[in-house]
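Chemist: Residue numbers (the working numbering), protein chains in the order written: chain S, 1 to 148; chain U, 149 to 457.
In this text, a Cβ means the ideal position worked out from N, Cα and C, and glycines have one as well.
All of these numbers come straight from a predicted model, not from anything done at the bench.
Take a look at the structure:
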């Protein structure tokens with residue numbers, strides 16, 4: 001009988017110790033995981049910047065040009081009828097970089113054959129949304145693209 | 149048995165050739181392409197090491213996928229081998245992640261497009277997508293930070309995960325009862341020397357295949373990534389992602405009111421979870437699973453052909 005008692009109490013102690021070890025390990029794991037994951041996940045930062053797309057007189061009418069604005073590729077187009085347009089060049093489908101097609105006067109995504117109009121509207125193919133338009137200004141002969 | 153040995157051998161080849169490449173590779177967006185060009189063109193046997201690393205990796209993914217498909221056709225994933233199956237699916241997932249991150253590291257135009265599309269697709273995984281996307285890119289945009297993340301995953305996170313999963317996999321195989329498919333006592337052979345010799349012959353065969361592919365199939369590095377150049381129309385993902393590429397390209401803008409890419413991302417996540425949980429869904433390894441697997445193989449093959457045109 002005393003033997004029985006011993007084994008129950010020792011198994012109770014074992015259970016408790018086991019639980020304590022698992023509990024402590026879990027707590028330590030969570031404590032380490034929170035800063036670990038936060039460390040890897042950067043904050044979303046949206047800076048409002050500007051980029052130059054060169055001088056107006058160097059920019060041929062009816063052509064497109066690519067510039068980087070806050071790490072983002074931007075497509076600047078000088079329309080055949082004059083005036084400038086600028087769009088974020090990331091396709092709204094899966095982020096490939098779009099291009100301006102001179103002969104068809106439209107914007108195309110080569111990866112999955114998406115087609116946008118010259119105004120950035122999604123015309124055909126998989127893109128679900130229009131391209132995001134950016135502000136273009138001409139300041140003393142220089143083309144400036146501004147993120148909004 | 150032989151397949152397990154081949155997988156271990158291919159992984160060992162990956163480590164050996166990978167360490168060699170690691171000693172010359174530079175992981176900044178500015179120097180990555182140049183360092184890969186130098187590995188391929190200047191260093192003695194550089195192109196061979198690069199080829200061996202590439203081809204043994206592709207064969208590793210192919211062998212793992214083959215083994216999964218075989219288990220689905222035979223219905224050998226059921227209890228008490230469910231942990232063997234789940235760890236096998238996870239190992240295959242890690243191998244696929246190896247191949248994908250590896251294809252991004254040279255930072256060529258194709259690699260850059262893959263990084264853009266791949267991370268965007270990761271963003272369409274339900275619930276955790278947004279976090280996953282920013283974690284993989286190291287921010288909202290594809291920058292040098294992204295390449296550094298991809299590099300860290302490829303040379304540290306994935307190898308560690310792969311090793312741990314292999315240990316778990318072989319442990320679960322040992323503790324679960326063997327599935328013997330039509331093996332009579334007459335066909336059993338002693339482990340040593342008979343089995344060892346046969347295994348050695350298989351591995352030499354695989355080695356010859358890897359080295360032949362690395363030597364005779366030309367794999368030009370390509371051109372350097374350029375964030376201010378339009379993506380190439382010829383850009384295609386790694387071969388096992390071609391069916392997904394075909395789906396993404398052929399889909400309309402929206403499916404059932406959801407952006408098609410998001411829809412496909414969600415559907416693929418669901419399909420993946422279903423495959424991973426197969427032993428708990430189909431507890432008997434029924435004919436239905438075999439039938440669906442055959443159908444899926446045919447569809448995947450057709451989509452692959454479609455993706456190439």
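(1) Suppose the cutoff is 6 angstroms on Cβ atoms and the five residues either side in sequence are ignored; what does the same chain contact list for residue 125 of chain S look like?
(2) Within 10 angstroms of its Cβ, does residue 140 of chain S collect 16 or more other Cβ (buried), or is it exposed?
(3) So with Cβ pairs under 8 angstroms, would you call residue 407 of chain U a contact of chain S?
(4) Using a Cβ-Cβ cutoff of 7 angstroms, what residues of the region 44 to 68 of chain S are near chain U? List them in chain order.
(5) Roughly how many whole angstroms lie between the Cα atoms of residue 381 of chain U and residue 97 of chain S?
(6) Taking the C-alpha atoms as reference points, what is the distance between residue 302 of chain U and residue 384 of chain U?
(7) In or out: residue 57 of chain S buried (at least 16 other Cβ within 10 Å) or exposed?
(8) For a test of the three-state rule: what should DSSP assign to residue 274 of chain U, helix, strand or coil?
(9) List the endpoints of the continuous alpha helix (DSSP H) containing residue 443 of chain U.
(10) Would you be able to state if there are at least three C-beta pairs under 8 angstroms between the region 254 to 271 of chain U and the region 170 to 183 of chain U?
(11) Does DSSP classify residue 79 of chain S as helix, strand or coil?
(12) Which one of U/174, U/388, U/403 has the shortest CA to CA distance from residue 211 of chain U?
(13) Output, in sequence order along the chain, the residues in the region 84 to 100 of chain S whose CB is closer than 9 angstroms to any CB in chain U.
(14) Check distances from the C-beta atoms of the region 374 to 398 of chain U to those of chain S and list, in chain order, the residues that come in under 7 angstroms.
(15) What's the call for residue 427 of chain U, buried or exposed, on a 16-neighbour Cβ count within 10 Å?
(16) Within 8 angstroms (strictly less), CB to CB, does residue 401 of chain U reach chain S?
(17) Report the three-state DSSP secondary structure of residue 429 of chain U (helix, strand or coil).
(18) Using only alpha-carbon positions, find the residue among U/163, U/293, U/408 that is nearest to residue 178 of chain U.
(19) Near residue 411 of chain U, what residues of its chain come up, given a Cβ to Cβ distance below 6 angstroms and the 5 sequence neighbours on each side ignored?
(20) How many whole angstroms separate the CB atoms of residue 69 of chain S and residue 136 of chain S, which I take to be in contact at a CB cut-off of 8 angstroms?
(21) Pick out whichever of U/261, U/208, U/289, U/260 has its Cα sitting closest to the Cα of residue 239 of chain U.
(22) Per DSSP, what kind of secondary structure is residue 162 of chain U in: helix, strand or coil?
(23) Based on Cα-Cα distance, which residue from U/306, U/398, U/322, U/435 lies nearest to residue 243 of chain U?
(24) Which residues bound the beta strand (DSSP E) around residue 359 of chain U?
(25) Helix or strand or just coil, what does DSSP make of residue 407 of chain U?
(26) Could you check which residue in S/129, S/54, S/134 has the C-alpha nearest to that of residue 405 of chain U?
(27) Please confirm whether residue 265 of chain U has its beta-carbon closer than 8 angstroms to some beta-carbon of chain S.
(28) Could you say which of U/425, U/454, U/176, U/161 lies nearest to residue 297 of chain U if we only look at CA atoms?
(29) Using the beta-carbon of each residue, which ones in chain U are nearer than 9 angstroms to residue 134 of chain S?
(30) For residue 206 of chain U, which option in U/170, U/231, U/161 has the closest C-alpha, if you only look at C-alpha atoms?
(31) Residue 390 of chain U and residue 94 of chain S: beta carbons closer than 8 angstroms?
(32) I need the DSSP call for residue 171 of chain U, collapsed to helix, strand or coil.
(33) So is residue 372 of chain U buried or exposed if we call it buried at 16+ other beta carbons inside 10 Å?
(34) Take every Cβ of the region 209 to 228 of chain U, pair it with every Cβ of the region 436 to 443 of chain U, and state whether three or more of those distances are shorter than 8 angstroms.
(35) So what does DSSP say about residue 220 of chain U, is it helix, strand or coil?
(36) Among S/111, S/80, S/67, which residue has its Cα nearest to the Cα of residue 134 of chain S?
Modeler: Reading it off the structure:
(1) 113, 114, 115
(2) exposed
(3) yes
(4) 44, 66, 67, 68
(5) 11 angstroms
(6) 20 angstroms
(7) exposed
(8) coil
(9) 435 to 455
(10) yes
(11) coil
(12) U/388
(13) 89, 90, 91, 92, 93, 94, 95, 96, 97, 98, 99, 100
(14) 375, 376, 377, 378, 379, 380, 381, 383, 396, 397
(15) buried
(16) yes
(17) helix
(18) U/293
(19) 403
(20) Incorrect: roughly 11 angstroms between the Cβ atoms, too far for contact.
(21) U/208
(22) helix
(23) U/306
(24) No beta strand (DSSP E) contains residue 359 of chain U, which is instead part of the alpha helix (DSSP H) from 344 to 364.
(25) strand
(26) S/129
(27) yes
(28) U/176
(29) Result: empty, since nearest Cβ-Cβ is about 15 angstroms, beyond 9 angstroms.
(30) U/161
(31) no
(32) coil
(33) buried
(34) yes
(35) helix
(36) S/67
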